[in-house]
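The next block holds one structure in the form of structure tokens; read it before the comments.
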Amino acid sequence: MAFSRNYKLDLSFAITAATLLLSLSLLIPKSVGIGPSSYSATEELRKMVLGSRPPGCVNKCMNCRPCEATLVIPPHRKRVFGKLSRREDDTYYLLSWKCRCGNKLYQP
Numbered sequence: 001m002a003f004s005r006n007y008k009l010d011l012s013f014a015i016t017a018a019t020l021l022l023s024l025s026l027l028i029p030k031s032v033g034i035g036p037s038s039y040s041a042t043e044e045l046r047k048m049v050l051g052s053r054p055p056g057c058v059n060k061c062m063n064c065r066p067c068e069a070t071l072v073i074p075p076h077r078k079r080v081f082g083k084l085s086r087r088e089d090d091t092y093y094l095l096s097w098k099c100r101c102g103n104k105l106y107q108p
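Numbers 1 to 108, taken from UniProt numbering, label the letters of the sequence shown in order.
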């Protein structure tokens, strides 16, 4: 009988200790860091940093309407005879934002 009584005491002690640790872990405040405190603010900052965004084309097209932002691919450069000093990929093009009205492009 002594064995079963000690087992019950050990089991109740383990359950009490686990409950106490769980309660204390919920009461501990979250670490305070420098910067945004919520996930959504962090996500917004990350989105603002990555990639480029279209410029504001208001009053950039010399009174032409509608003035809209558009992505422009520069014309493909032809290779000069011989090899280039750096290995350049033919499929790589820099994209840039311009303001477009009709068939004309304007700098933003």
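Even glycine gets a Cβ: it sits at the ideal position worked out from N, Cα and C.
Assigned with DSSP and collapsed to three states, L94 falls in coil, not helix or strand. Residue pairing for R53: DSSP places it in no beta bridge. For K104, the uninterrupted beta strand (DSSP E) run begins and ends at K104 to Y106, by DSSP. Secondary structure note for V72: its beta strand (DSSP E) is the uninterrupted segment E68 to V72. Per the DSSP secondary-structure output, C99 pairs in a beta bridge with A69 and Y106. Put simply, the backbone Cα of L95 is about 25 Å away from that of N63. Here K104 is not near V72, since their CB atoms are 8 Å or more apart.
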